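J.: Going by UniProt numbering, the letters in the sequence shown line up with residues 1 to 415, in that order.
Here a beta-carbon is modelled for each residue, glycine too, at the ideal position from N, C-alpha and C.
Please read all numbers here as calculations on a predicted model, not as lab measurements.
My questions all concern the structure below.
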Amino acid sequence: MKLADMLSYADIGQLSRIATTYQCECNGNSKHELIQSILSTVNRRDVFEAQIGALKLEDLRFMNSLLFDARDAFSLEELVARVQLSRFGSPAGQQASSGAAPSANESAPAAKKPAAKSQASGKRPAKSKTSAKDRPEPETGPRETISRFKQYGWLFNGYAGPERYLFQVPSDLKERFKQSLERRLIAGAVYADDEPHAYRDEQMLMGDDVAQLLTYIHLNEVALTTEGTMYKRSVMQLLELFGVKEPLPGKGEWRFGYGRKIKEYPNRLSLLYDYCYYKGWIVEQNEVLELSPAGKERQALRSAEPPDKLYQFWLRLYRGPIPNIRSLVYWIDKLGNKWVKIDTVLSTLKPYVKPFYYDQPETILEQRLIGMMLHLGLLRIGEHAEFGQVLRMTPLGRTIVAGQSLDDEAIVLNG
């Protein structure tokens with residue numbers, strides 16, 4: 001539902017609190033006037049932008065997590081957990097940075113900014129019935145954040161049945177939040193006016209290499225170690241057949257969380273192997289890697305795997321260590337609508353990336369996101385004479401990211 005619909009279902013107490021937050025001047029006893037005054041104020045771009053600009057970084061992370069969730073409604077427990085997950089490594093009161101910082105004229109919360117006067121004379125700002133003296137001290141922690149978002153009119157309870165215990169974000173506000181965050185993030189990026197002198201593009205190569213992997217297993221007896229891993233000779237032969245050559249993981253290198261075989265195989269090969277395993281095309285038994293009956297049928301086709309299927313699998317597989325991967329891919333897509341300096345993409349998105357054990361935000365952005373998006377054919381990476389490394393989304397990548405519908409659950413490969 002849109003904001004206007006949710007306001008119409010809200011009780012007059014919540015409407016009064018929202019109107020007080022925005023300092024709306026109207027008859028606080030008239031539900032119709034409260035709704036009209038709230039809508040006219042919230043729909044003003046300067047007021048909305050000022051509210052976003054006054055948010056702490058952890059609040060922006062929290063909102064960002066709600067914008068890209070496939071579900072429409074959340075329980076209080078889910079919202080509390082999301083607020084807690086949004087508080088990684090940022091001191092209390094830290095303002096949004098790297099493209100998310102408020103501009104000079106947006107430094108104060110919108111609640112303190114004077115709202116437009118009502119055309120009707122003699123009307124006062126809507127007030128709650130409880131005086132400031134009698135009000136309880138505001139809660140601190142996740143519940144205070146949720147309460148504040150309700151007072152902004154950004155979260156609403158359902159109005160009937162079991163849904164009254166669930167919270168929703170108005171659908172039209174979701175789009176406005178995305179547009180506002182996009183403007184702020186793009187403001188922190190540096191773009192090139194011309195093409196780089198060289199760039200790397202791997203469109204369709206990963207899909208071809210799915211067929212190469214299955215054909216190699218079909219034509220060779222691939223022995224496995226007691227730990228179920230291909231021997232180095234087989235790995236090197238496979239890498240020679242692939243469209244992209246990868247170095248083997250270094251000894252003692254920390255590798256965990258991004259699939260079953262990420263510890264033993266290079267990133268791209270690991271994804272290909274796990275994809276075929278998840279599809280049920282390959283089986284590991286008696287220390288031999290073989291094709292299943294379904295794998296033999298797929299190998300006989302000798303066709304490339306559709307890139308959107310590989311993209312969907314990658315997002316779901318990496319969602320465990322990178323819970324907000326969908327939003328990060330979305331923002332990389334928006335930042336990469338033309339050639340953009342990679343360093344500025346990293347600095348802009350780094351505040352939104354939570355470390356995963358020894359993987360720091362820079363590593364996650366460079367290797368787990370941008371590097372894998374290159375392998376999937378979603379973006380190009382170039383060398384520019386003035387700006388150094390730059391990236392740009394491919395037409396295929398923009399189409400896939402814009403149109404892909406994904407399951408919400410992460411993939412966990414055991415065994």
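#1: Per DSSP, residue 428 is paired with what?
#2: Within the same chain, show all residues whose beta-carbon is closer than 7 Å to that of residue 169, passing over the 5 residues directly before and after it, in chain order.
#3: Would you check if the segment 185-194 and the segment 334-348 touch, i.e. whether three or more CB-CB distances between them fall below 8 Å?
#4: If residue 259 and residue 274 are in contact, beta carbons under 8 Å, what's the gap, nearest whole angstrom?
#5: What residue does the beta strand (DSSP E) around residue 168 start on, and which one ends it?
#6: Identify whether residue 25 lies in helix, strand or coil by the three-state DSSP scheme.
#7: Between the beta-carbon of residue 392 and the beta-carbon of residue 380, is there less than 8 Å?
#8: Taking DSSP's pairing of strands, which residues face residue 285 in a bridge?
#9: Determine which residues share a DSSP beta bridge with residue 224 and list them.
#10: Keeping to the same chain, check which residues put their C-beta closer than 7 Å to that of residue 212; ignore five residues upstream and five downstream.
#11: Can you grab the Cα-Cα spacing for the pair residue 221 / residue 261, in whole Å?
#12: Taking 8 Å as the threshold, find out whether the segment 308-327 comes into contact with the segment 350-364 through three or more Cβ pairs.
#13: In whole angstroms, give me the CA-to-CA distance for residue 398 and residue 333.
#14: Would you report the Cα separation of residue 266 and residue 296, rounded to the nearest angstrom?
#15: With distances taken from CA atoms, which of 217, 252, 319 is nearest residue 235?
#16: Within a Cβ cutoff of 8 Å, which residues of the same chain sit near residue 175, ignoring the five residues on either side of it in sequence?
#17: If you run the structure through DSSP and keep just helix, strand and coil, what is residue 294?
#18: State the start and end residues of the unbroken beta strand (DSSP E) segment that holds residue 82.
#19: Taking its Cβ as the centre, do 16 or more other Cβ atoms sit within 10 Å of residue 225, making it buried, or is it exposed?
#20: For the structure I just gave you, are there three or more beta carbon pairs, one from the segment 244-258 and one from the segment 356-368, closer than 8 Å?
#21: Is residue 302 helix, strand or coil when you go by DSSP?
#22: Which residues in the same chain have their Cβ closer than 6 Å to the Cβ of residue 311, if we skip the five residues on either side of it in sequence?
#23: Within the continuous beta strand (DSSP E) that includes residue 198, where are the two ends?
#24: Got a sec? Which residues, its chain only, sit under 7 Å from residue 284 by beta carbon, not counting five neighbours each side?
#25: Tell me the rounded alpha-carbon separation between residue 185 and residue 362.
T.: In terms of the structure at hand:
#1: Outside the modelled stretch of the chain, which goes from 1 to 415, sits residue 428, for which no answer is possible.
#2: 66, 154, 155
#3: yes
#4: Contact holds; Cβ gap of about 4 Å.
#5: 166-168
#6: strand
#7: It is a contact, given that the beta carbons lie within the stated cut-off.
#8: 288
#9: DSSP, once it has assigned bridges, lists 230 as partnering residue 224.
#10: 241, 242
#11: Going by the C-alpha atoms only, they are around 19 Å apart.
#12: yes
#13: 7 Å
#14: 25 Å
#15: 217
#16: none
#17: Looking at residue 294 - three-state DSSP - the assignment turns out to be helix.
#18: For residue 82, there is no enclosing beta strand (DSSP E); the residue is found in the alpha helix (DSSP H) stretching over 76-85.
#19: exposed
#20: yes
#21: Looking at residue 302 - three-state DSSP - the assignment turns out to be coil, as it is neither helix nor strand.
#22: 376, 400
#23: 198-200
#24: 224, 228
#25: When only Cα atoms are considered, residue 185 and residue 362 end up about 17 Å apart.
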